[in-house]
Structures are given as structure tokens and as C-alpha cells.
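What follows is a short report on a single structure.
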Amino acid sequence: MAAVSKTYEEINERIRKGQAVVLTAEEMTRLVKKVGPEKAAKEVDVVTTGTFAPMCSSGVFINFGHTQPPIKAAKVWLNDVPAYAGLAAVDIYLGATEPAFDDPLNKVHPGTFEYGGGHVIHDLVSGKPVRLRAEAYGTDCYPNRHVEMTVTLQDLPYAVLCNPRNAYQNYNCAVNLSKKTIYTYMGTLKPRLGNANYSTSGELSPLLNDPHYRTLGLGTRIFLGGAQGYIVWHGSQHRPDAPRLPNGIPRMPSGTLMVLGDLKEMSPRWLMGVSIQGYGCSLAVGIGVPIPILDAEMATYTGISDSEIVTQVKDYSFNQAEPLAEVTYEELRSGCIRIGEKEVPTVPLSSVVRAREIAGILKRWIEEGRFELGVPQKLLPNPLRPARAS
Amino acid sequence: MYARMLVLRFPKEIVDKPIVTNLVRNYNLSFNILKAQIYPRKEGLMVMELRGNRKDYERGLQYLKDIGVIVESIAQGIRRDEEKCYQCGACTAVCPTGALHIKRPEMEVLFDSERCSACELCVKTCPARAMIVLFDQKMTLEV
Ligand code: SF4
Ligand code: SF4
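Top to bottom, those sequences are chains A and B.
If you count by the numbering used here, then the first sequence holds residues 1 to 390, one letter each, in order.
If you count by the numbering used here, then the second sequence holds residues 1001 to 1143, one letter each, in order.
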């Protein structure tokens, strides 16, 4: 049997004809286990992945339109949440973790962080009116010093979601060795190994289905916040050289994505403002990445199951720097892991239900010919990417 | 043995009566108080689990209603907003009764209001603020 080899163009041609065979990552895992990667690569064109979890390094570029008289905004607030205004006159960047200016923060610990940048983004995509306030020092060309107006996403001339670090390839499992409850970005951690929190969608997770980023880079079209978006660069803290298992899976946080898309096309179901007790505000982002099955190697990668993915259990109370254990996602998903002598209940922070839903939506889009693969123009950096024969 | 988690709301006229003592003495019931609060205008709120045989339980409940206590089930007190809940599971870290729990292998997060003790720990733990307390609000609305 000749080895399978497909091009992006061939797969896109099949998508256009409505003939592409698309499986979700969970379905692909079952198929590969049953028929092997060679046969699966022959049958399947695309595998869809998904993840839905708080992703702090997210935000939106907004241009709120020139006012009359014009203003060169120096300070801007949206629903009292400060945005960064150190750009041209009415261009701003609103970050997901920015709290409202009068938020009590952690003055009474743990703070609750009821409203921040992530919530403003959620309100905007929900079509809700948002109060915009801008201040300026005034110039000859931009005499206006103060603007207050109500805007909706529809009114804004420009709003682009641009997240510098999303979809972490693997992440720590967090525990607390100290004697008191701690409140972290990994959720509430009860004392003395009271619980173990983890946050990836495992075998559904985008970067765990293409561990060496053979098909991912600038121009890869993705599901982003309910619309079509793009991978535009590797994300901040992208670290491809993390130690890996023989199957290519990094054993700790590794690759990341910078993603971009038109906020106006997105939906509030897939961009949710969140409040993480004691930590801050954030934005839960829905991302789905289609993985083209170019050959048997890609079938092997996407055939990965939770039992073949591991991560490190780390203490978040600063008592122990070294990992306490290495566990598989199968163990994490069972509800309980063993750390030394102790049975520790596990708590997911990333929604597998929503990840599965995203993989399903992306699958439907491709099957219906509404979504073609974007050909990456420059792959994510990875010095360890295995050299290819062809 | 019959057991139910109840929310009792006491009008201010009876807030100082030995009602729980009567339940125990006259109706042979046992109880476990999870929360008790008196509001500024003297109305009281109590969350308790009431236990006994089915018949005594029914009679005890009738007694409470007769003297003017408003009895609600917990389901009316703590609710999950299904639109907001994105099924992550963060709340299961703190829920002491297992009312919030995960169905495996699907990883669906279920809320079983029958098991909820109204401790409210999930309310601030849920990143989406999907867990909603209703009885406190109702109380203040009425005054
Ligand atoms: S209030 Fe929340 S945390 Fe407490 S028992 Fe009910 S569901 Fe569980
Ligand atoms: S923490 Fe909130 S959003 Fe997550 S499963 Fe629980 S109720 Fe739903």
C-alpha cells in the first residue's frame, strides 16, 4: 500500500465539493486505535479540536471613531475599565484582565473581581451598550479634552480580537502544600493537597493534536470566539523546547498561539468574561483548530488519547519548586490522582463539554463547505520538529 | 428515614419562638442547621436539614406552616444559570456536599439541588458567576 500523502489544496478541493471526511479529535482517537494510522490517514481529511477556558492574555483592538471636535485620547475607560490609549488618536487596546478602576482588588482577600476587561468584551459581543469615556491633554489638531459616549459593537468602526497568548500546549496541574486555602489563577486550592486543578481539554486540545506544529502557523484558519479567525504568530512564552515524550507530547507547558479575528463576527457564548476569586478578571475563549491529515504521521498525532498525555503536578503555595508527580490526563479525568500516599480529588477548569461542542461545530462548518483550511505561510517555531523525508 | 433540606423564613412576629425545639420535642424530628440569619428588620432565615419518619416530617412541616413560617426547598434558594454555566468544573473544588459534581466520562458538570446545603461556597468560586442565591434577595425585596 502506497503511503498516504495529501496536500492542503487537495483537501480544500474535497471540502469545496462537500466530500471531505472530518472527524473530531475524540472520534479520530477511536478510529486510529481501531484501524491504525495508515488506514485512518487514507479515510480522514481533517480532524477538529477544541478548547474553552479562561485565557488571560487576550484583548481587543478598538477604534472608536473620530469625534467632533476631534480628540487624541490619552486615557480611555469602557464601563469604567481602563483601556490602553497610547496609540493613535482613537485607537485603544482593552485587555481581558484589567479590572474596573474602582475595583477593591484584593484589599479584602480574596477579592471577587466582578467586572473587568473580559466582561466588557463579553458585553460588546452581546450587543450591549458600553459607556466610553476619554480624556486628553488637547492639541492644536485635536482640541477636544473630554468625551463621553455610549457605544455598541455595531457602532464601533473597528474591533479586532487579538490575543497574544492562547491555547497553551499542555499546562500544569496545580496543588497546594501549605496549611491554608489559596486562591490562584488555577482556581481555589484547598490546603494539604485538598484538590488538584488542571486546565486543558486533553485529547481534544488543539496543540496536543499536532505536537510539533507541522500544520500550524501564520495563516492557519481557526474557530475563534464563534467566528473564523487566524493563527497569526506564535504566542508569548512559546517554548517548543520543553521536554517531550517519545510521541512528541511536551510534558509541561510548551507551545502557545497568538490569534486574531473580527470581534464583530463573534458570539458571547464563546467569549465569556470571568471572575477568578482572589486573582482577577479574565476572558474564557473558545478556540478550535482544524488539523489536516496530510499523512499517516498526522493521523498518529491526532490519534492521541488522554492516557498518552502527561503533565506535572506543581505546588502553587511556593513550598516546593520541584514537581510532585507526573500524571496522565486519563488519571486527571478519572476524578482522583495519587500523590505519594494521598488520594487527591481532581478539578477541571477547562470545559471538556464546550471543547467537544467547538470540535463539533468546526466539523460541521468544514463538512458543509463553509470553512476551508488556511495554508500556513510560516510554521510556529520549533527547533525540534522532526525533519521530513519529502 | 426521610430527610429534606429546607429554607425556612420567619416573619419577625415569631422569630424569637422556640420553633425548632418544638419540632424536636413534639414531632420526633432531628435537624442539622446549616445557616441561620436574622435580618435588620428582624425577619429570620434558616437553612436546615430535617430528618425523621415520613409521617412525623409531614406533621412537622404542617406545624411550621400553621405558625406562619414560609417553607421553601433549597431548589428555590440556590439556582444555576444554565446560560452562564460553561461546564468547567471549578465549583466542584469547593462544593462540600457533592451537589455540584461531574458525570464521567462525559465530563458534564451536574447540579443536584436536592444535595445542596446552601453554603454558597460555589457562588464566588464559579468564574462565570453562574450560581445564584435567591432567598437572601427575596427576603430583602419583601421588607
Ligand atoms: S451552595 Fe454551592 S457549594 Fe454549597 S452545597 Fe450548594 S451547590 Fe454546593
Ligand atoms: S464553576 Fe460555574 S461555570 Fe464552571 S461548572 Fe461550576 S457552575 Fe458551571
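Here a beta-carbon is modelled for each residue, glycine too, at the ideal position from N, C-alpha and C.
Nothing here was measured: the structure is a model prediction, and the numbers come from that model.
Residue range of the beta strand (DSSP E) that includes residue i
i, result
"A:Met258", "257-262"
"B:Thr1021", "Note, B:Thr1021: premise wrong, no beta strand (DSSP E); alpha helix (DSSP H) at 1019-1027."
"A:Asn12", "From DSSP, A:Asn12 is part of no beta strand (DSSP E) but of the alpha helix (DSSP H) over 8-16."
"A:Asp102", "Run containing A:Asp102: none; DSSP gives neither H nor E here."
"B:Gly1077", "That residue, B:Gly1077, is in no beta strand (DSSP E); it is neither H nor E in DSSP."
"A:Gly360", "Looking at the DSSP string, A:Gly360 is not in any beta strand (DSSP E); the run it does join, the alpha helix (DSSP H), is 352-367."
"A:Val47", "46-48"
"A:Thr150", "146-151"
Check: residue i C-beta below 7 Å from any heavy atom of ligand 2
i, result
"B:Arg1080", "yes"
"A:Val4", "no"
"B:Gly1089", "yes"
"B:Tyr1086", "yes"
"A:Leu189", "no"
"A:Met55", "no"
"A:Pro292", "no"
"A:Leu283", "no"
"B:Met1107", "no"
"A:Met186", "no"
"A:Met266", "no"
Own chain residues within Cβ distance below 8 Å of residue i, not counting five before or after
i, result
"A:Lys314", "Asn172, Cys173, Ala174, Val175, Pro323, Leu324"
"A:Lys128", "Thr152"
"B:Met1001", "Arg1051, Gly1052, Asn1053"
"A:Glu326", "Arg251, Val310, Thr311, Gln312, Val313"
"B:Val1015", "Ile1038, Lys1042, Glu1043, Gly1044"
"A:Pro82", "Lys75, Val76, Glu98, Phe101"
"B:Ala1090", "Thr1125, Cys1126, Pro1127"
Contacts around residue i, its chain only, beta-carbon distance under 7 Å, and the 5 residues preceding and following it disregarded
i, result
"A:Ser275", "Thr112, Phe113, Glu114, Cys281"
"A:Leu245", "Arg251, Val310"
"A:Gly194", "Asn176"
"A:Lys264", "Leu153, Ala159"
"B:Gly1098", "Arg1115"
"A:Lys269", "Checking the sequence shown, residue 269 of chain A turns out to be Arg, not Lys. Result list for A:Arg269: Gly226, in chain order."
"A:Gln237", "Arg165, Thr256"
"A:Ala2", "none"
"A:Ser178", "Pro191, Ser317, Asn319"
"A:Glu331", "Ile337"
Start-to-end residues for the alpha helix (DSSP H) that takes in residue i
i, result
"A:Asp140", "Counting along the chain, A:Asp140 falls outside any alpha helix (DSSP H), and DSSP gives it neither H nor E."
"A:Leu332", "329-334"
"A:Asp315", "A:Asp315 -> not in any alpha helix (DSSP H); beta strand (DSSP E) instead, spanning 310-315."
"B:Met1048", "That residue, B:Met1048, is in no alpha helix (DSSP H); its beta strand (DSSP E) goes 1044-1052."
"A:Gly117", "117-125"
"A:Thr391", "Lying before the first or after the last residue shown, residue 391 of chain A is absent from chain A, which here runs from 1 to 390."
"A:Glu27", "25-35"
"B:Lys1124", "1121-1125"
Cβ-based neighbour list, residue i, same chain, cut-off 6 Å, excluding 5 preceding and 5 following
i, result
"B:Val1143", "Low confidence applies here, because B:Val1143 scores a pLDDT of 33, under 50, leaving its location unreliable; read the following figure in that light. Excluding positions up to five away in sequence, the list reads Arg1041."
"A:Ala242", "Pro250, Met252, Ser254"
"A:His212", "Gly248, Asn382, Arg385"
"B:Ser1030", "Arg1051"
"B:Glu1106", "none"
"B:Thr1140", "For B:Thr1140, the predicted model reports a pLDDT of 41, less than 50, meaning its position is unreliable; a value from the coordinates is still stated below. Correct list: empty, nothing qualifies."
"A:Ile201", "Inspection of the sequence shows that residue 201 of chain A is occupied by Ser rather than by Ile. The answer, listed in chain order, is Thr51, Ser350, Val352, Ala355."
"B:Arg1009", "Leu1045, Ile1070"
"B:Cys1095", "Cys1122"
"A:Phe61", "Tyr93, Val160, Cys162"
"B:Asp1112", "Ala1099"
"A:Gly59", "Tyr93, Leu94, Gly95, Ala96"
Residue i: CB within 7 Å of a non-hydrogen atom of ligand 1
i, result
"B:Ala1093", "no"
"B:Glu1049", "no"
"B:Ala1128", "no"
"B:Ser1117", "yes"
"B:Ala1099", "yes"
"B:Glu1120", "yes"
"B:Pro1096", "yes"
"B:Met1131", "yes"
Residues, ordered as in the chain, of the segment 1081-1100 of chain B that lie near chain A by beta-carbon distance below 7 Å: Tyr1086, Gln1087, Cys1088, Gly1089, Ala1090, Thr1092, Ala1093, Val1094
The segment 258-286 of chain A: positions lying closer than 7 Å to chain B by Cβ: Met272, Val274, Ser275, Ile276, Gln277, Ala284
Against chain A: residues of the segment 1006-1036 of chain B by CB proximity under 7 Å: Only those residues of the segment 1006-1036 of chain B whose C-beta falls short of 7 Å from the nearest C-beta of chain A would be listed, and there are none.
Under 7 Å (Cβ pairs) to chain B, residues found in the segment 345-357 of chain A: Val347, Pro348, Leu349, Ser350, Ser351, Val352, Val353, Arg354
Members of the segment 36-59 of chain A near chain B, C-beta cut-off 8 Å: Phe52, Ala53, Pro54
Interface residues of the segment 1041-1055 of chain B facing chain A [CB-CB below 8 Å]: none
Chain-ordered residues of the segment 310-338 of chain A with a beta carbon less than 9 Å from chain B: Arg333, Ser334, Gly335
Chain B contacts made by the segment 110-137 of chain A, where a contact means CB separation under 7 Å: Taking a C-beta cut-off of 7 Å against chain B, the contacting residues of the segment 110-137 of chain A are Thr112, listed in chain order.
Interface positions of the segment 160-191 of chain A facing chain B (Cβ-Cβ less than 8 Å), listed along the chain: The segment 160-191 of chain A vs chain B, Cβ under 8 Å: Gly187, Thr188, Leu189, Lys190.
Contact set between the segment 194-222 of chain A and chain B, restricted to residues whose Cβ is under 7 Å from the partner: Asn195, Asn197
Interface positions of the segment 1100-1126 of chain B facing chain A (Cβ-Cβ less than 8 Å), listed along the chain: Ile1102, Arg1104, Pro1105, Glu1106, Met1107, Glu1108, Val1109, Lys1124, Thr1125
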